[in-house]
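Notes for the one structure printed next.
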Amino acid sequence: MESRPKISRHPVHGVLLLDKPLGLSSNQALQKCKWLLRAEKAGHTGTLDPLATGVLPLCFGAATKFSQLQLDADKTYEATVRLGVRTSTGDAEGDVVDERAVPAITPETLAAVARRFTGSIRQVPPMHSALKKDGKPLYEYARAGEEVEREARTVVIHALALTPVDAKTLRLVAKVSKGTYIRTLGEDIGEALGCGAHLTALRRTATGHFDVAHCATLAEFEAMAEDERLARLLPVEALLPGHEGVTLGHEDAARFLSGLRRRGAWPDAGQVAVFGDTPRSLLGTAHVKAGELIPSRLLSPIEIQQILGQTELQTQ
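Structure follows, in structure tokens:
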């Protein structure tokens with residue numbers, strides 16, 4: 048049996064906004080794009096279920112150092128909610144566990160339910176989730192037919208709109224804080240309406256400041272030439288939109304990269320993106336306190352040179 052030829056990988060740095068397709072796990076989508084870019088290092092910024100589609104920022108190289116910022120970002124989802132049927136997983140993948148008649152639902156009823164679930168709410172994580180109990184993911188207990196006690200967690204529903212599609216189907220649009228399970232939100236809304244519910248479709252339309260309109264589909268990315276794929280990557284600093292910018296001269300930049308604090312006339316700031324000036328390049332993140340620039344996450348000099356070389360290739 049012939050072995051497959053080994054792929055020659057190389058350093059790739061940046062962020063790919065992928066519109067994840069239906070049926071692939073987040074990791075499968077990541078590995079596919081990593082293979083297409085022949086990248087050495089990659090990570091994603093929070094999972095989407097295989098039955099969900101939409102915005103999945105993929106981080107390559109130095110960008111993986113800042114992926115946590117997207118994990119913490121607010122997300123916007125669109126979902127289709129089937130009323131009157133509960134499933135074991137809260138979505139169409141599970142077995143039907145309960146069926147009830149769907150009452151006539153008025154616009155006033157929907158508005159009242161939307162208000163009830165807007166703001167800070169308590170939510171019990173679903174059994175079919177990657178949260179761990181005693182070091183084991185909840186979905187492993189669920190697959191073994193076990194249900195374990197889960198503590199309710201506080202999440203924030205910043206905005207929620209519910210509109211009828213037909214007598215048994217709702218369209219749900221929600222902007223939510225990190226840690227919110229839309230499957231659970233759909234189920235809880237179904238219970239509030241007295242009939243139960245599950246999701247039949249889920250799409251993430253935004254995460255932080257990244258919108259699905261700016262994403263490439265996997266099919267589009269596959270069809271691109273290698274230089275086009277590289278050009279599709281956003282720079283690492285795209286992950287730092289809320290950061291104040293500080294630019295350092297050559298000597299201060301070198302000292303900052305070695306982990307030393309710098310002094311300057313900067314106002315206090317909790318999140319700072321630090322750049323070198325010749326040529327302009329991201330050095331890392333920091334915070335400023337009492338005029339001191341204190342390093343947080345730093346790029347290595349090798350990463351900075353690789354990014355500058357990659358940028359040069361992208362602009363040729």
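In our numbering, the protein residues as written are 48 to 363.
Note that the Cβ used here is the ideal one computed from N, Cα and C, for glycine as well.
Measuring only the C-alpha atoms, how far is residue i from residue j?
i, j, result
"residue 346", "residue 137", "42 Å"
"residue 280", "residue 101", "17 Å"
"residue 66", "residue 264", "5 Å"
"residue 72", "residue 103", "11 Å"
"residue 290", "residue 318", "5 Å"
"residue 331", "residue 343", "7 Å"
"residue 360", "residue 310", "35 Å"
"residue 134", "residue 353", "49 Å"
"residue 167", "residue 229", "15 Å"
"residue 287", "residue 116", "8 Å"
"residue 315", "residue 98", "44 Å"
"residue 271", "residue 155", "49 Å"
"residue 145", "residue 131", "8 Å"
"residue 282", "residue 163", "40 Å"
"residue 129", "residue 214", "10 Å"
"residue 78", "residue 262", "17 Å"
"residue 328", "residue 277", "18 Å"
"residue 93", "residue 82", "20 Å"
"residue 355", "residue 118", "27 Å"
"residue 244", "residue 170", "16 Å"
"residue 240", "residue 334", "47 Å"
"residue 84", "residue 273", "7 Å"
"residue 351", "residue 55", "21 Å"
"residue 238", "residue 231", "10 Å"
"residue 150", "residue 242", "7 Å"
"residue 147", "residue 358", "58 Å"
"residue 341", "residue 127", "46 Å"
"residue 326", "residue 305", "18 Å"
"residue 322", "residue 303", "10 Å"
"residue 161", "residue 236", "8 Å"
"residue 250", "residue 200", "23 Å"
"residue 140", "residue 194", "18 Å"
"residue 248", "residue 95", "12 Å"
Quick one: what's got a C-beta closer than 6 Å to residue i's C-beta in the same chain, skipping five residues either side?
i, result
"residue 90", "106, 111, 114"
"residue 165", "204, 207"
"residue 108", "58, 59, 60, 88"
"residue 227", "202"
"residue 120", "254, 255"
Any heavy atom of the ligand ATP within a distance shorter than 6 Å of the CB on residue i?
i, result
"residue 292", "The ligand ATP is absent from the structure shown, which contains no ligands of any kind."
Can you say whether residue i is buried or exposed, counting buried as having 16 or more other CB atoms within 10 angstroms of its CB?
i, result
"residue 57", "exposed"
"residue 246", "buried"
"residue 49", "Per-residue confidence for residue 49 stands at a pLDDT of 48, beneath the threshold of 50, marking its modelled position as unreliable; no derived number is given."
"residue 142", "exposed"
"residue 349", "exposed"
"residue 258", "exposed"
"residue 70", "exposed"
"residue 307", "exposed"
"residue 153", "exposed"
"residue 159", "exposed"
"residue 234", "buried"
"residue 260", "exposed"
"residue 86", "buried"
Can you give the beta carbon distance from residue i to residue j, rounded, assuming they're within the 8 Å contact cut?
i, j, result
"residue 202", "residue 122", "Not quite, the Cβ-Cβ distance comes to about 11 Å (not below 8 Å), so this is no contact."
"residue 172", "residue 197", "5 Å"
"residue 292", "residue 320", "5 Å"
"residue 339", "residue 220", "The pair is not a contact, with the Cβ atoms about 44 Å apart (cut-off 8 Å)."
Could you tell me which residues DSSP puts in a beta bridge with residue i?
i, result
"residue 167", "203"
"residue 91", "105"
"residue 100", "250"
"residue 328", "323"
"residue 342", "333"
"residue 245", "129"
Grab me the residues of residue i's own chain with a C-beta within less than 8 Å of its C-beta, minus the 5 sequence neighbours each way, in chain order.
i, result
"residue 324", "294, 295, 296, 297, 300"
"residue 76", "65, 67, 68, 91, 103, 105, 265"
"residue 157", "209, 210, 211, 217"
Under a CB-based cut-off of 7 Å, is residue i close to chain B?
i, result
"residue 86", "The structure shown has no chain B; it contains just one protein chain."
Between which residues of its own chain and residue i is the CB-CB distance below 7 Å, once the five residues before and five after are set aside?
i, result
"residue 80", "63, 65, 105, 268"
"residue 285", "62"
"residue 336", "315"
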